[in-house]
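**Student:**
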Amino acid sequence: MARLEPLKIDEMSEDQKIIADEIIESRGKVAGPFIPWLRNAELADSNKKLGAFCRFNTSLSPRLSEFIILIVARKWNIHLEWQVHRPLAIEAGMSTDVIEALRVKVVPLFVNKDEEIIYQFCCELLENKRVSDELYDTALREFGSPKLVDIVAIVGYYCNVAMTLNAFEIFPENGDDVFSQDN
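In my numbering, the protein residues as written are 1 to 183.
Spelled out as structure tokens, the structure:
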């Protein structure tokens with residue numbers, strides 16, 4: 001059970017109601033990290049805008065964006081984001097073999113060079129809190145600086161989502177554990 005329940009309409013300020021309506025219009029309901037974020041209307045609004053940018057408006061293809069989201073979801077063990085984004089990644093062209101390797105924490109066998117570089121870049125950033133000069137140079141040659149900025153923005157936004165979901169214990173409604181307990 002989540003540590004915070006969704007706010008009821010009569011508990012919301014006018015600003016919260018406006019943001020809640022916008023969230024419902026774009027996402028169908030107030031769920032996931034928006035449950036706690038909505039306690040601060042400005043925060044919820046800012047995160048809604050950043051999330052929309054990171055999902056739909058970066059310079060990356062949906063295949064690569066969704067892959068980055070899955071990398072972050074797995075590193076933080078966020079079941080909800082994994083369940084939401086796994087089918088989107090497959091639909092966008094990610095290999096189910098790469099996704100399954102990621103899920104069980106095995107380095108995937110990559111067919112696509114761009115996926116391998118993104119995997120290395122994101123993992124190094126998440127694990128070491130920085131990226132080596134050599135890997136940075138490789139990623140810069142492959143993607144260019146605008147795409148690298150977008151990669152880091154997606155990682156950062158979904159780390160924010162992950163910390164929020166984990167701190168407030170927000171799990172999928174069906175309670176499925178998509179990761180094995182020992183990983």
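In this text, a Cβ means the ideal position worked out from N, Cα and C, and glycines have one as well.
Assuming Gly28 contacts Ile170 under a Cβ cut-off of 8 Å, what Cβ separation, rounded to an integer in Å, is found between them?
**Tutor:** Not a contact, Cβ separation roughly 16 Å.
**Student:** Residues in the same chain with beta-carbon distance under 7 Å from Leu148, minus the five sequence neighbours each way, listed in chain order, please.
**Tutor:** Here the set comprises Ala139, Leu140.
**Student:** Could you spell out where the alpha helix (DSSP H) holding Ser26 opens and where it closes?
**Tutor:** Per DSSP, Ser26 belongs to the alpha helix (DSSP H) from 14 to 27.
**Student:** Ignore the nearest five residues each way along the sequence and tell me which others in Asn77's own chain have a CB closer than 7 Å to its CB.
**Tutor:** Hits under 7 Å: Phe179.
**Student:** Expressed to the nearest angstrom, what Euclidean distance is found between the alpha-carbon atoms of Leu88 and Glu66?
**Tutor:** The straight-line gap from Cα to Cα measures roughly 7 Å.
**Student:** Please classify Pro146 as buried or exposed, where buried requires at least 16 other C-beta atoms within 10 Å of its C-beta.
**Tutor:** It counts as exposed.
**Student:** In chain order, what residues of the same chain lie with their CB nearer than 7 Å to the CB of Asp257, ignoring the 5 residues before and after it?
**Tutor:** Any answer about residue 257 is impossible in this case: the structure gives the chain only from 1 up to 183.
**Student:** Starting from Leu43, trace the alpha helix (DSSP H) in both directions and tell me its first and last residue.
**Tutor:** Its alpha helix (DSSP H) spans residues 41 to 56.
**Student:** How is Lys105 classed by DSSP in three states: helix, strand or coil?
**Tutor:** It is coil, neither helix nor strand.
**Student:** Report the three-state DSSP secondary structure of Ser65 (helix, strand or coil).
**Tutor:** Three-state result, Ser65: helix.
**Student:** Between which two residues does the alpha helix (DSSP H) carrying Asp177 extend?
**Tutor:** Careful: Asp177 lies outside any alpha helix (DSSP H) and carries neither H nor E.
**Student:** From Asp15 to Glu25, what does the alpha carbon distance come to, in whole angstroms?
**Tutor:** Rounded to whole angstroms, Asp15 to Glu25 spans 15 Å at the Cα level.
**Student:** Excluding the 5 residues flanking Leu80 on each side, which residues of the same chain have their C-beta closer than 7 Å to its C-beta?
**Tutor:** Result list for Leu80: Gly32, Leu165, Ile170, Phe171, Pro172, in chain order.
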